[in-house]
Amino acid sequence: MRALGGWIALTPELSAKLLMGRHVWDLAQQCDAFGQRLPELRSRAHVSEAANPAVATFMDSLEDAEGPDQTVERLVGVYGVVKPHLLATYRDHLARANPVYEPPTRRILARCIDDEERHIAAGETILKYLAAGPRVTERVSARRRHLEGLLAAAGGVTGDGLATRDAPDVARRQTDLSDDAQEFIRLEKATGTWPVPEDLEEAQRSFAAALVAGDDAALARWLVPGLELEATAWSSLRGTRYSRHLTVAFARLGYQRLVKTRLEGPSSSATVLARWTSSPEGWRIAALDVAGRDAVRPA
Amino acid sequence: MDRPIAYDKLAREERFVRMRAREVAEIKVSQGLPPFPDLSSSESIKERVHGIMVGELQAMEGAGRSVCDFPDAPWEFTMDMARQTWDESRHVEIYLRLLEHLGGYAGEFPETTILWRCACAEDAAARVAGVNRGLEGLACDVFNQLVHIARKIGDPILERAVDFVLADEITHVRMGSKWLTKLTEGDAERRRRAIEFQESIDERFNLGGVRREGDHDVVSISIATDVRRMAGFTDEEIERLIKTTQRSQVY
Chain A
1 MRALGGWIAL TPELSAKLLM GRHVWDLAQQ CDAFGQRLPE LRSRAHVSEA
51 ANPAVATFMD SLEDAEGPDQ TVERLVGVYG VVKPHLLATY RDHLARANPV
101 YEPPTRRILA RCIDDEERHI AAGETILKYL AAGPRVTERV SARRRHLEGL
151 LAAAGGVTGD GLATRDAPDV ARRQTDLSDD AQEFIRLEKA TGTWPVPEDL
201 EEAQRSFAAA LVAGDDAALA RWLVPGLELE ATAWSSLRGT RYSRHLTVAF
251 ARLGYQRLVK TRLEGPSSSA TVLARWTSSP EGWRIAALDV AGRDAVRPA
Chain B
1 MDRPIAYDKL AREERFVRMR AREVAEIKVS QGLPPFPDLS SSESIKERVH
51 GIMVGELQAM EGAGRSVCDF PDAPWEFTMD MARQTWDESR HVEIYLRLLE
101 HLGGYAGEFP ETTILWRCAC AEDAAARVAG VNRGLEGLAC DVFNQLVHIA
151 RKIGDPILER AVDFVLADEI THVRMGSKWL TKLTEGDAER RRRAIEFQES
201 IDERFNLGGV RREGDHDVVS ISIATDVRRM AGFTDEEIER LIKTTQRSQV
251 Y
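Residue numbers (the working numbering), protein chains in the order written: chain A, 1 to 299; chain B, 1 to 251.
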């Protein structure tokens, strides 16, 4: 719960952010229910204590994927390893909990099982969406192997060994609590085509090509009168080899337009932000900044 | 896991353009436009909704950090912050859909991180004072006015959606008031610092005179006195806020 809460700010992708944001509250309620049940069973309430040092090591390892480019590592850790394990543990516990003596515990477990099935299905959907491509798939597999190894060494979260009850296929589970992963993906992709005016699109294309070519004279032509190329961020990028460009953002600032371009090269990448203004001579750049270097790409 | 994180670690997709609030306002003024969207046209309403969507995004991120950053805080505090995280994530979705409804898209306007910076206070009491009372109080003002404007222009989708979100914001303000009191019990100095932090945020979000007491149709951001009262602000606090807006410098 705490890891998911903390990761929301560290995760760039909107779909994954929304997924985590939705599930933090479910997990808090699960913790609360278990925490209230413990003193009823003559134990202490709300004490965060690992079953053994290896469980703590596992949790530390789970949490260490904090980079903005490690979303899939975060997701596979929680939705691919921890939650399936918890689900199996809850099912195992439920199967062994006496229906006459332990209805309070069984009720809590049933709720947790329901939540976890829903979470896993949603998490796997987002993971599949973000982990497209062989390189990312390999990262997912490596992460899964690493964490599953640590979890097995710890004997699961209880330290008593891994529960053997396999999680059932939950992929088709209906979602009715407003955490529909497909909708999160749709919202992330909803931008569609940017409404770039035709003449600006042409100007931007020429400008971006000049950036890749490192053509000072061509770049200078796009600047508003009075703005020297040396006074822009280009001076810090000059000399770096870029092989392609990609427009990654298009925003409005009053009558002006902001265009973010990612430049990719064999050894590095950079993102530049141009503020375009309309003039009698056509679109010209009023400001040019570096928005990022070695820019992080989604997932 | 780092607790808390540096404010510049806030992660975004590339399609968002991040700029400083002051720079955005200055560039708009230089074009003869108001520094903040004034709700006078459908375009300005869309821009305001985009700003709110980004604000909800940062509020979700901030509440999530509060779940993570304060493991030693009372458990009920964590529960409230987790609930708020859930609320804010639903609000993000609501505003993303409202943007679609208004013909806009995420990333259409620059994002400023002034709100997120406020959510990075290291002390839990200061954070709830600043975020839940300062920023969510601002949200009460903005949403109350937006509900009114939506009703006026005959947009029931916008009106109803924002009204439901407003109800949550009122709850968040109440949470803030509760935790400001509980976390600073017996520590007058901590309480003083937390309130001072909230007041600095109130002052900042008066936006140089943009937020004021007045009619929804006349003022860019009108102070929602009734809603604020419902959220638990005292008459004295509301009066003090109104006075600070009167002395805020015009941008």
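No residue lacks a Cβ here, since even glycine has one placed at the ideal position from N, Cα and C.
Here the structure is a predicted model, which is why all the values come from computation and not from measurement.
Contacts between Y79(A) and chain B, judged by CB atoms closer than 9 Å, are missing: the closest CB pair is about 16 Å apart. Under the three-state reduction of DSSP output, E198(A) falls in the helix class. Of all residues in the stretch 131–142 of chain B, none is placed with a Cβ closer than 9 Å to any Cβ belonging to chain A. Put simply, the stretch 170–180 of chain B touches the stretch 224–233 of chain B. At least three CB pairs are less than 8 Å apart.
Taking every protein chain shown into account, the CB of A45(A) has fewer than 16 other CB atoms within 10 angstroms, so this residue is exposed. For S220(B), the secondary structure class from DSSP, reduced to helix, strand or coil, is coil. For L273(A) and P225(A), the gap between their C-alpha atoms comes out near 19 Å. Not a single CB atom of chain B sits nearer than 7 Å to the CB of I185(A). Looking at the DSSP output, D289(A) shares a beta bridge with L273(A).
Among the CB atoms of chain A, none fall inside 7 Å of the CB of E43(B). In terms of Cβ geometry, L10(B) and W116(B) form a close pair [threshold 7 Å]. Across the structure, R118(A) and G137(B) are spaced so that their CA atoms are roughly 34 Å apart. Not one beta carbon of chain A lies nearer than 7 Å to the beta carbon of F70(B).
When the Cα atoms are used, Y105(B) and G55(B) turn out to be separated by approximately 15 Å. H245(A) is bridged by DSSP to L263(A).
At least one beta carbon of chain B lies nearer than 7 Å to the beta carbon of E63(A).
V92(B) reaches chain A at L14, K17, L18, G21, L187, counting residues in chain order whose Cβ is nearer than 9 Å. Relative to V248(A), the option among S278(A), L229(A), A210(A), E201(A) whose CA is nearest is E201(A).
Under the 7 Å criterion on CB atoms, W179(B) is classed as non-interfacial with respect to chain A. L57(B) and R48(B) do not touch by the CB rule: their CB atoms are close to 15 Å apart, not below 8 Å. Within the DSSP bridge table, the entry for S278(A) names W283(A) as partners.
Within chain B, the residues placing a beta-carbon under 8 Å from that of D32(A) are W75, M79, ordered along the chain. Per DSSP, the continuous alpha helix (DSSP H) segment holding L151(A) begins and ends at 134–154. Residue-level contact by beta carbon holds for I8(A) and chain B, with a gap shorter than 7 Å.
L130(A) sits in a helix when the DSSP states are folded into three classes. Identification of residues in the stretch 240–264 of chain A having a C-beta nearer than 8 Å to some C-beta of chain B yields V248, A249, F250, A251, R252, L253, G254, Y255, Q256, L258, K260, R262, given in sequence order. With respect to chain A, the C-beta atom of V165(B) has no partner C-beta closer than 7 Å. Taking all protein chains in view, the Cβ of V100(A) is surrounded by fewer than 16 other Cβ atoms within 10 Å, so the residue is classified as exposed.
Restricting attention to alpha helix (DSSP H) runs no shorter than 4 residues, the stretch 28–107 of chain A encloses them at 53–63, 71–75, 83–96, ordered along the chain.
Taking the Cβ atoms as the reference, F205(B) lies roughly 23 Å from G107(B), outside the contact range of under 8 Å. A residue is called buried when at least 16 other Cβ atoms come within 10 angstroms of its Cβ; T193(A) does not meet this threshold and is exposed. L127(A) and R74(A) have their C-alpha atoms roughly 10 Å apart. Straight-line spacing of the CA atoms in T271(A) and L246(A) works out to 9 Å. Residues of the stretch 11–43 of chain B that bring their beta carbon within less than 7 Å of a beta carbon in chain A comprise A11, R12, E13, E14, R15, F16, V17, V24, I27, K28, Q31, L33, in sequence order. Note on geometry: alpha-carbon atoms of D114(A) and I120(A) lie some 10 Å from one another.
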